[in-house]
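Some notes on the structure that comes next.
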Amino acid sequence: MTDSPTTDRPTFDTPDSAPGAAELVVLLDEDGRAVGTADKAGVHHAETPLHLAFSCYLFDDDGNVLITRRALHKRTFPGVWTNSCCGHPAPGEPIEEAVRRRVEQELGVPVAGLRLVLPRFRYRAEQEGVVEYEMCPVFVGSLVGPVRPDPDEVAEARWEPWQPFRRSVLDGSRTVSVWCREQVAQLPADPASASAAAVHELPPAARAGGQR
């Protein structure tokens, strides 16, 4: 992991850049093309439409993975342990920039060595009548500095050795989010050292930076 976090980045219509503005998600068709946008606050319900998201697994130099517990007030899967960070690209925002933005927002630290590993991951999950339905490319990276989680997003965070974590998820002895369980099953055995996947394998909306 050799690259450094970027500081001079283009801006997009993200919630942090426009105080009071609605956070929008990019809606998708079955082929992963952008077909519109929706307010994130109202998009998750019993018939959640397919939309664009991402997941990220963050490692330290010793091969430990950062796992997080979702804040208890979250609308979807509150209090559930999951991967390091998840989120949604804003309309028009390149997906890698969205990952960097969200990691800094949720965990208070820049990400380095960011690369795509599962470009085509997709899942549907339901809890208590609320559905998640996403095309959700998966990235890996490392953190530059100590973690400072935002309590509005993250209830707990801790580092765990990757291989024991992976085994416990795959054998069912550890409860994690549906998407985390399915991602771990598809990730390389050692994702921290895995080669980057081709960008052209992303859903079209993710390759194009969604739509405005």
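Just so you know, the sequence shown maps onto residues -4 to 207 in this note's numbering.
The beta carbon of each residue, even a glycine, is placed where N, CA and C say it ideally should be.
Predicted model, so just to flag it, every value in this text is computed and none were measured.
So if DSSP puts residue i in a beta bridge, which residue, or which two residues, is it bridged to?
| i | result |
| --- | --- |
| residue 63 | 77, 152 |
| residue 190 | Its beta-bridge partners do not exist; DSSP assigns none. |
| residue 29 | 23 |
| residue 34 | 19 |
| residue 50 | 81, 133 |
Suppose you measure from the CA of residue i to the CA of residue j; what does that come to, to the nearest Å?
| i | j | result |
| --- | --- | --- |
| residue 169 | residue 182 | 17 Å |
| residue 42 | residue 125 | 8 Å |
| residue 44 | residue 200 | 15 Å |
| residue 64 | residue 193 | 30 Å |
| residue 114 | residue 179 | 14 Å |
| residue 83 | residue 108 | 20 Å |
| residue 157 | residue 112 | 16 Å |
| residue 173 | residue 33 | 23 Å |
| residue 154 | residue 176 | 17 Å |
| residue 146 | residue 195 | 36 Å |
| residue 110 | residue 99 | 16 Å |
| residue 160 | residue 139 | 22 Å |
| residue 203 | residue 87 | 8 Å |
| residue 103 | residue 95 | 11 Å |
| residue 4 | residue 106 | Model confidence at residue 4 stands at a pLDDT of 40, short of 50, so the residue's coordinates are unreliable and nothing is read from them. |
| residue 0 | residue 118 | Only weak support is given to the placement of residue 0: the predicted model assigns it a pLDDT of 36, under 50, and the value that follows is read from those uncertain coordinates. Cα-Cα distance, rounded: 29 Å. |
| residue 30 | residue 116 | 19 Å |
| residue 35 | residue 20 | 6 Å |
| residue 101 | residue 135 | 16 Å |
| residue 167 | residue 141 | 30 Å |
| residue 150 | residue 66 | 5 Å |
| residue 152 | residue 137 | 15 Å |
| residue 7 | residue 191 | Below a pLDDT of 50, predicted positions are generally treated as unreliable, and residue 7, at 48, falls in that range; no measurement from the model is reported. |
| residue -4 | residue 91 | With a pLDDT of only 39 at residue -4, under 50, the local geometry of the prediction cannot be trusted, and the value read off the model is given with reservation. Residue -4 and residue 91: Cα-Cα distance of roughly 15 Å. |
| residue 162 | residue 23 | 33 Å |
| residue 127 | residue 54 | 26 Å |
Given 8 Å as the limit, tell me if residue i has its C-beta closer than that to any heavy atom belonging to the ligand GDP.
| i | result |
| --- | --- |
| residue 171 | No copy of the ligand GDP appears in this structure; indeed no ligand is present at all. |
Between the Cα of residue i and those of the options, spot the shortest distance and give me the residue it belongs to.
| i | options | result |
| --- | --- | --- |
| residue 76 | 143, 96, 52 | 52 |
| residue 25 | 202, 198, 89 | 198 |
| residue 148 | 138, 79, 127, 178 | 79 |
| residue 85 | 132, 203, 18 | 18 |
| residue 48 | 81, 101, 141 | 81 |
| residue 97 | 143, 161, 164 | 143 |
| residue 225 | 136, 118, 123 | Limits of the chain in this structure are -4 at one end and 207 at the other, which puts residue 225 out of reach. |
| residue 89 | 132, 141, 151 | 132 |
| residue 40 | 191, 69, 50, 101 | 69 |
| residue 71 | 54, 22, 129, 62 | 129 |
| residue 27 | 46, 38, 16, 37 | 46 |
| residue 50 | 93, 22, 67 | 93 |
| residue 164 | 66, 62, 16, 22 | 62 |
| residue 171 | 191, 91, 120 | 120 |
Can you list, in chain order, the stretches of the alpha helix (DSSP H) that have 4 or more residues and sit fully within the stretch 89 to 160? If we require 4 residues or more, the alpha helix (DSSP H) runs fully inside the stretch 89 to 160 come out as 90 to 102.
Below 8 Å, can you find three or more Cβ-Cβ pairs linking the stretch 176 to 191 to the stretch 50 to 64? Enough Cβ pairs lie closer than 8 Å, so yes.
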